[in-house]
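Undergrad: Numbering (the numbering used here), first residue to last: 6 to 94.
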Amino acid sequence: MQQLTAVELANWMALYLAAGFCCTIALGLSCAMIMVELYRERCWATVTSLRSAALFVPKTWWRWQKLYVTSMPVTLGIVMLFAASMSWR
């Protein structure tokens, strides 16, 4: 198995760091957006029973997942453009 050169190792580390950075930003923005949506719609007012409380959590989780996964094309695009701008030799 071939060892990575110092340049390749540095590039891969930078790509992983960039992807982690983009994912952290997406996480923060999606959490903030879901809080704004929940506040605007006052979703907690519909929680009147144990059953509605038990369904509130999965519904909120699903809404957050949709927001977070929506950011995937942007994250991939940023990381791919960053990788294309690097010198791999």
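For every residue, glycine included, the Cβ atom is placed at its ideal position computed from N, Cα and C.
Check whether the Cβ atoms of Ile39 and Leu72 lie closer than 8 Å to each other.
TA: Along the sequence shown, one-based indexing puts residue 39 at 34. Along the sequence shown, one-based indexing puts residue 72 at 67. Yes, they are a contact pair.
Undergrad: Going by DSSP in three states, Ser57 sits in which element: helix, strand or coil?
TA: Your numbering for residue 57 matches position 52 in the sequence shown. Helix, per DSSP.
Undergrad: Check Val84 in the structure and name its three-state DSSP category.
TA: Looking up residue 84 in the sequence shown gives position 79. Val84 falls in the helix class under three-state DSSP.
Undergrad: Between which residues of its own chain and Leu69 is the CB-CB distance below 8 Å, once the five residues before and five after are set aside?
TA: Translated into positions along the sequence shown, residue 69 becomes position 64. It should be pointed out that residue 69 corresponds to Trp in this sequence rather than to Leu. Once the five neighbours on either side are set aside, the close Cβ partners of Trp69 are Ser35, Cys36, Ile39.
Undergrad: Does DSSP classify Thr75 as helix, strand or coil?
TA: Sequence index remark: in the sequence shown, residue 75 carries index 70 (1-based). Thr75: helix per DSSP, three-state reduction.
Undergrad: Return yes when the Cβ of Thr65 is within less than 8 Å of the Cβ of Leu86, no when it is not.
TA: For the purposes of this step, residue 86 is taken as the residue at position 81 of the sequence shown. For the purposes of this step, residue 65 is taken as the residue at position 60 of the sequence shown. It is not a contact, given that the beta carbons lie outside the stated cut-off.
Undergrad: I need the straight-line Cα distance from Leu32 to Pro63, nearest angstrom please.
TA: If you number the sequence shown from 1, residue 32 lands on position 27. If you number the sequence shown from 1, residue 63 lands on position 58. Each residue's Cα considered, the two are about 18 Å apart.
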